Amino acid sequence: MNRTRIVSLIVLGAMAALGSGATAAAQGSREPIKIGVLNAITGPLAVNGTEINEGIKLYWEDEMNNQVANRPVRLIVEDEEGKPDVGLTKAKKLVESDKVHVILGPVSSATAAAMREYVHERKMPTIITQATANSLTAERASPSIFRSAMSSYQQEAAGGWYVAAKLGHKRIAVVGLDYVAGQEQVEGFIKTFMESGGQSADKVLMPLGAVDVAPYITRVQSKAGELDAVVAILWGPSAPQWLKAYQDYGLRGKVPLLALGETVNETYLRAVGDAALGIVNWMSYATALDTPENKRFVLAFAKKYRKDPVYNNHLGYLAAKACGEAIKAVSGNVEDQPRFLDALRKVRFEAPGGAFRFDDKQNAIIPTYIRRVEKVGGKLQNSVIDAVQDVDQFWKPPKR
């Protein structure tokens with residue numbers, strides 16, 4: 105090989121090295137993907153929002169190391185407080201000032217309804233973490249709005265069917281929260297309960313955040329002799345107070361208490377203790393699920409937070425992972441909103457709670473687990489006793 109040829113090869117090699125270095129530097133200097141996290145961390149829904157944020161942070165901070173597709177990820181956290189006006193103001197701040205690429209939240213259905221027109225008009229990709237109002241992914245569905253949680257009807261549909269068709273209860277009282285999502289969940293439960301063999305369902309509604317449950321439990325107590333069971337569809341501070349009062353008022357052991365899984369969230373079980381033992385409930389996640397993916401999730405969560413994950417933690421993880429999978433699919437190019445939104449619609453993955461995907465209205469299709477509060481190894485847990493697979497927001501009870 106002559107000297108001229110050798111010099112040429114050295115120069116070409118140096119140029120190639122410089123080129124690859126420039127490419128790496130360019131990737132390293134790419135602008136961060138900014139994700140707005142808009143959940144309630146104060147107010148009556150603070151427990152929900154705080155736990156959801158823990159699940160979001162587990163995915164991005166620990167599983168993804170705050171990066172995806174060679175781009176850093178920055179979480180910008182705001183508090184919607186469960187208030188529609190506050191939530192809308194914070195959403196505008198995230199979009200217009202912070203220039204986020206996607207929003208994860210909110211918890212409150214009233215906040216989600218207040219934000220809907222704004223994020224729809226801006227075509228802002230939004231993954232609702234919990235707000236269950238049925239209309240958000242039905243008559244008010246938007247190409248840019250997704251829900252990785254369940255709708256109000258969907259959350260209760262399998263429960264209403266199970267209580268009538270499988271447990272055989274005919275006459276019940278349903279205790280719920282008197283606001284949009286709470287009312288919808290009560291109605292959803294009663295609908296499938298009556299369609300599946302139920303005969304009567306009295307409604308008892310209390311304000312969101314109510315701590316004094318005495319006026320409502322005395323109404324149930326007065327009708328105890330006419331009831332096969334009482335169904336509690338509660339969360340927030342009302343849930344543990346109801347569980348304690350049910351025992352204090354002598355109803356425990358007299359009329360079975362059944363519940364939405366949030367009512368016996370492990371967070372509340374720690375405070376309530378044995379008063380919750382034996383309660384059959386329904387939820388789209390259970391810490392005790394015996395699957396490889398859930399075992400991995402439980403271990404990772406416990407390592408980060410020194411506690412077991414609960415339903416709300418799983419909701420946050422679902423929203424974060426759906427977002428992350430879509431970003432991977434577009435190689436980090438979240439600025440191309442049409443491609444990113446299309447990628448979100450096609451997201452499929454095995455979640456800790458089971459197979460996850462969106463329906464054609466961009467609402468999650470996920471299993472519903474029938475659980476029972478038991479004491480295992482000296483600790484209260486929700487053990488899975490049955491499951492209803494592939495529950496969607498338009499689910500119909502099996503024909504009798």
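Counting from 105, one number per residue, gives the positions in the sequence shown under the numbering used here. All C-beta atoms, glycine included, are put in the ideal place defined by N, C-alpha and C. Keep in mind that this is a model prediction, so the values were computed, not measured.
- prompt: If you drop the 5 nearest sequence neighbours on each side, which residues of the same chain put their C-beta closer than 7 Å to that of Ser213?
  reply: Ala235, Thr236, Ala237, Val284 and Ala285
query: From this set, Pro344, Val359 and Ala314, which residue's C-alpha is nearest Lys274's C-alpha?
result: Val359
- prompt: Within this structure, are the beta carbons of Asp166 and Lys408 separated by less than 7 Å?
  reply: yes
query: Alpha carbon to alpha carbon, how far is Glu291 from Ile337?
result: 11 Å
message: Rounded to the nearest angstrom, what separates Glu439 and Glu182 at their Cα positions?
response: 22 Å
message: Using only CA atoms, which one of Pro501, Ile489, Gly357 and Gln466 lies nearest to Ser255?
response: Gln466
task: Express the C-alpha separation of Gly457 and Tyr389 in angstroms, rounding to a whole number.
output: 5 Å
- prompt: Would you report the Cα separation of Leu381 and Val477, rounded to the nearest angstrom?
  reply: 5 Å
task: Would you list the residues sitting across from Glu454 in a DSSP beta bridge?
output: Ala459
message: Let me check understanding here. Comparing Cα to Cα, which of Leu142, Ala245, Asp332 and Val376 lies closest to Asp463?
response: Ala245
task: Helix, strand or coil for Ala390, going by three-state DSSP, please let me know.
output: coil
field: Spatially closest choice to Phe460 from Glu429, Ile145 and Val151, by CA coordinates
entry: Glu429
- request: Take Ala328 as the anchor and find which of Trp265, Ala216 and Val278 has the nearest alpha-carbon.
  value: Val278
query: What residue from Thr322, Pro396 and Leu484 has the CA that sits closest to Leu377's CA?
result: Reading off the sequence, residue 377 comes out as Gly, not Leu. Residue Leu484 is the option with its Cα nearest to Gly377.
message: What would DSSP say about Gly125, mapped onto helix, strand or coil?
response: Only weak support exists for where Gly125 lies, its pLDDT of 42 falling under 50; the coordinates are left without a value.
query: Terminal residues of the continuous beta strand (DSSP E) containing Gly428?
result: It is not in any beta strand (DSSP E) - Gly428 instead sits in the alpha helix (DSSP H) that spans Tyr415 to Ala433.
- prompt: Using the beta-carbon count (16 or more within 10 Å), is Arg475 buried or exposed?
  reply: buried
- prompt: Nearest CA to the CA of Asp282: which residue from Ala305, Ile276 and Gly313?
  reply: Gly313
- prompt: Would you call the region 300 to 308 and the region 339 to 347 in contact, with 3 or more CB pairs under 8 Å?
  reply: no
- request: Could you have a look at Asp332 and say whether DSSP puts it in helix, strand or coil?
  value: coil
- prompt: Looking at the structure shown, is Ser304 part of a helix, part of a strand, or coil, going by DSSP?
  reply: strand
message: By the three-class DSSP mapping on this structure, what secondary structure does Leu373 have?
response: helix
- prompt: On the three-state DSSP scale, how would you describe Asn143?
  reply: strand
message: Just verifying my parser: in three-state terms, what is the DSSP assignment at Thr233?
response: coil
task: Identify every run of the alpha helix (DSSP H) within the region 138 to 213, keeping only runs that are complete inside it and at least 4 residues long; order them along the chain.
output: 150 to 161 and 188 to 196
- prompt: For Ile489, which residues from the same chain have a beta carbon less than 8 Å from its beta carbon, with the 5 sequence-adjacent residues on both sides left out?
  reply: Val384, Ile474, Arg475 and Arg476
- prompt: For Lys348, which option in Arg374, Pro442 and Gly263 has the closest C-alpha, if you only look at C-alpha atoms?
  reply: Arg374
Inter-residue spacing [alpha-carbon to alpha-carbon] between Asn486 and Glu135: 43 Å
task: Flag this pair as yes or no: are the beta carbons of Thr296 and Trp346 separated by less than 7 Å?
output: no
- request: May I ask which residues mark the beginning and end of the alpha helix (DSSP H) holding Glu69?
  value: Limits of the chain in this structure are 105 at one end and 504 at the other, which puts residue 69 out of reach.
- request: Quick one: grab the DSSP three-state call for Trp489.
  value: Here the sequence assigns Ile to residue 489, which means Trp is not the residue at that position. Reduced to three states, the DSSP call for Ile489 is strand.
field: Cβ-Cβ distance between Val204 and Lys138 below 7 Å
entry: yes
message: Applying the 10 Å Cβ sphere with the 16-neighbour rule, what's the burial state of Ala406?
response: exposed
- request: Quick one: residues in its chain with C-beta nearer than 6 Å to the C-beta of Gly125, no 5 flanking neighbours on either side, listed in chain order?
  value: Bear in mind that a pLDDT of 42 at Gly125, under 50, signals an unreliable position, so the number given afterwards is only what the model happens to contain. Excluding sequence neighbours, Gly125 sits near nothing in its chain.
query: Assuming Ala468 and Arg251 make a contact with CB atoms under 8 Å, what is their CB distance in whole Å?
result: 6 Å
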